[in-house]
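As structure tokens, the structure follows; a few thoughts come after it.
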Amino acid sequence: MKSLPPPRVSATHKVPTGIAGFDEITGGGLPRGRTTLLVGGPGSGKTILALQFLAHGARDCAEPGIFVAFEESSQRIVANAESFGWNLAALQKKKLFFLDAQPPPDLIQSGDFDLGGMLAGLDAQIKSMGARRIVFDALDVVLALLSDPATRRQEIYRLHAWLLARELTGIITAKAGGDEDSNASQQPFGFMQFMVDCAVILNHNVVQGVSHRNLRVQKYRGSSFDENESPFLIGASGLVVDAAHARVRVDAKVSNERVSSGVERLDTMLGGGYYRGASILITGFSGTAKTTLSGAFAEAACRRGEHTLFVSFDSDRNEVIRNLASVGIRLDQYIDNGSLRMISARSIAGSAETYLVRIQTLAKEHGARCVVIDPVSTWYKSANDLAAQSVADRLIDWSKGDGITMVCTSLLDEMSNQTDSGSPLQISTLADTWIHLSYLMQAGERNRGLSIVKSRGTAHSNQVRELILSDTGVTLTDTYTAGGEVLMGTLRWEKERAERVAAEAAEANAKLKRVKLDAEEAELEVRLKSLQTELVAKQLEKELLVRSIQSHEGELSRGRTQMKELRGADATNAADKKDSP
């Protein structure tokens, strides 16, 4: 007997939700033609996620949808969603249909009921508009009217079979009861978790006064997915999910391009500036000019025409702009022309996870190539969450993956020894460049010092420079040492002044010695000329004497010869006789 071939199983096809990050967590979206269960407490975002799924399908995927509301009226749901800019009212004309299925408040139940009548009515609507997506919001409200658990289970399976038969991509939302952190199977109507192909749990908790929103995919048949909790926020355009856990790390593109720090002499110390796409950590105590260096970097980026995002925690943006203007850094002009976007936030007003998602969203919306976070250490406050370390790591990982040059400042606690770690978040090991700002106390003065702890791939300066702020900008002075100690401020001024006085005195003394030597030289030259004249006279006198002697001897010789000739003597013999002994 010939055996039958095994049943053909097709891969799970997926429907994008249009929710940033969520499609990455699920590997592409929700399972097409199957049912997904959303479980969460009040305010956890179930209805918003479902609505965003429908709006994206109707607007961007040519997939009309139906929303069945069991708890809140469709009119209020549409009105509440207007703040997200989805324009549901326009989509309702042809692509979206809302069905109010709330039980009347004065309902008195007599006997059993089922969902058959409602589903029959939906069949006609599906055919007329060609619906491909459907949402049953707060199904638990109507199921609670059924006292018999077996009947409830029967109606749920009826709904599931109805969805599968019509190959609709469906979402069912249900409230979580008891502990929100428990599994969906432990919640009321938890058996739905076994029935559906995908289950997502949404949590909204408050930890130490700070709101936290997280979601986790509990199951996803036929597909791999991220099993970790992922933070999300409800922003101006709907849900935004941080999918850092699910994002496959691709080797970031390494650039040899240098970008200016905004301080010319710091660029020189760094061998030309920061690398494009690098992460820079600036640490220091309060008042060491961390924000000033960040502002200089932002200004330099805007001058290059690069969109920049500046996030200031615990400081108002107008104060930051005013304070930076006092040192010659004027950011208001770049805010006006749209190059720079500055936002202010209070670190205690949200979790680190929330701010990570917001920063990523703002950077994407603004098209930022440079990002400044001042300071990132506020995430470590006791009022914030314990996952701040992980968030900081993911922040740097995200910036590198997107090729964003990011500057983060970190406030060090003067009462603790954090200099070695660079930040309470321990991110100095991940940063490509670490600049440390410090104070040097000398002679009753507090002066700022700057040093580069590390800068990967750069032969950077290892000297400590004095950082000086003035109304003309930020400058770094050359290293000045005396007796092996770096001098700054008044001590440096006094030492330089003393050296200038000593140099001036030495120069005056040298000039005086030169004048004296010039005089002595001139005197010697005069004496030398006199002696030379006297020597010439003596030489002439000597020459005249020689000539006189020679002339006299010649005259004597000629006189004797003439005398001999006059006497008639034999000159030759006479001469011979004279020569003979």
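First residue of the sequence shown? That's 2 in the working numbering, and the numbers climb one at a time after it.
Glycine included, each C-beta is placed from N, C-alpha and C at the ideal position.
With a CB to CB cut of under 8 Å and the five nearest residues on each side skipped, what residues in its chain are close to Q126?
I67, F98, L100, A132
Option in G569, K94, Q103 with minimal Cα separation from M130
K94
Could you tell me the alpha carbon to alpha carbon distance between L457 and K47, rounded to whole angstroms?
Strictly speaking, residue 457 in this sequence is Arg, with Leu absent from that position. So the two alpha carbons sit approximately 45 Å from each other.
7 Å Cβ shell around S439 - same chain, five flanking residues per side excluded:
G285, T289, G450
On the three-state DSSP scale, how would you describe Q551?
Looking at Q551 - three-state DSSP - the assignment turns out to be helix.
Please classify F195 as buried or exposed, where buried requires at least 16 neighbouring CB atoms within 10 angstroms.
exposed
V242 to I20 span [Cα, whole Å]
Taking the CA atoms as reference points, V242 sits about 7 Å from I20.
Going by DSSP, what residue range makes up the alpha helix (DSSP H) through R77?
75-82
Output needed for H14: all residues of its chain with C-beta closer than 8 Å, excluding positions within five of it in sequence on either side, in chain order.
P32, R33, G34
Check the DSSP bridge columns for G1 and list the partner residues they point to.
In the structure displayed, the chain extends from 2 to 582; residue 1 sits before or after that span and is not available.
Can you tell me where the alpha helix (DSSP H) with N229 in it begins and where it stops?
That residue, N229, is in no alpha helix (DSSP H); it is neither H nor E in DSSP.
Nearest to N448 by CA position, among L468, D394, D433, A432, is which residue?
L468
Quick one: measure Cβ to Cβ for R277 and V260, integer angstroms, because I've assumed they're closer than 8 Å.
Confirmed, about 6 Å.
What are the residues that DSSP puts in a beta bridge with Y275?
V260
Using alpha carbons as the reference points, say which of S429, R501, Q540 lies closest to I588.
Because the chain here runs from 2 to 582, residue 588 falls outside it and cannot be looked at.
Around the C-beta of R1, are 16 or more other C-beta atoms found within 10 angstroms, so that it is buried, or is it exposed?
This structure gives no information on residue 1, because the portion of the chain shown stretches from 2 to 582.
Whose CA, out of E354, K176, L294, G306, lies closest to the CA of I330?
Comparing Cα-Cα distances from I330 to each of E354, K176, L294, G306, the minimum goes to L294.
Beta-carbon contacts of P17 that lie in its chain and below 6 Å, excluding the five residues immediately before and after:
D24, G30
In terms of residue numbering, what span does the alpha helix (DSSP H) encompassing S129 cover?
117-130
Nearest to M343 by alpha carbon, out of S327, D317, M270, A353?
D317
Give me the DSSP bridge partner(s) of A538.
A538 pairs with nothing; no bridge assigned.
Can you list, in chain order, the residues of its chain whose CB lies under 7 Å from that of A51, leaving out five sequence neighbours each side?
L39, V136, D138, I172, T174
Would you call G296 buried or exposed, if buried means 16 or more other Cβ atoms sit within 10 Å of its Cβ?
buried
Going straight from the alpha carbon of L567 to that of L541, what length do you get?
Whole-angstrom Cα-Cα distance: 38 Å.
By the DSSP assignment, the beta strand (DSSP E) with F99 in it spans what residues?
Element bounds for F99: 97-101.
Output the distance between the C-alpha atoms of T534 and K543, rounded to the nearest integer angstrom.
14 Å
Using three-state DSSP, classify G402 as helix, strand or coil.
In the structure shown, G402 adopts helical secondary structure according to DSSP, grouped into three states.
Name the two residues that bound the continuous beta strand (DSSP E) containing D24.
From DSSP, D24 is part of no beta strand (DSSP E) but of the alpha helix (DSSP H) over 23-26.
The ligand MN and M564: does the residue's C-beta get closer than 7 Å to at least one heavy atom of that ligand?
Looking for the ligand MN in the displayed structure turns up nothing, as the structure carries no ligands at all.
Limits of the unbroken alpha helix (DSSP H) element including L140:
140-144
Y356: buried (16+ other C-beta within 10 angstroms of its C-beta) or exposed?
Looking at its Cβ environment, which holds 16 or more other Cβ atoms inside 10 Å, Y356 is buried.
Might you give, ordered along the chain, the residues of its own chain that have their beta carbon closer than 6 Å to the beta carbon of R217, omitting 5 neighbours on each side?
I202, E230
Residue interval of the beta strand (DSSP E) (run including S316)
First-last for S316: undefined, no H or E at that position.
Okay, do the stretch 332-343 and the stretch 301-311 touch, 3+ Cβ pairs below 8 Å being the bar?
Touching, yes, given that three or more Cβ pairs across the two stretches are closer than 8 Å.
Beta-carbon proximity check, W87 vs A121, cutoff 8 Å
The answer is no: Cβ separation not under 8 Å.
For D375, name the three-state secondary structure that DSSP assigns.
strand
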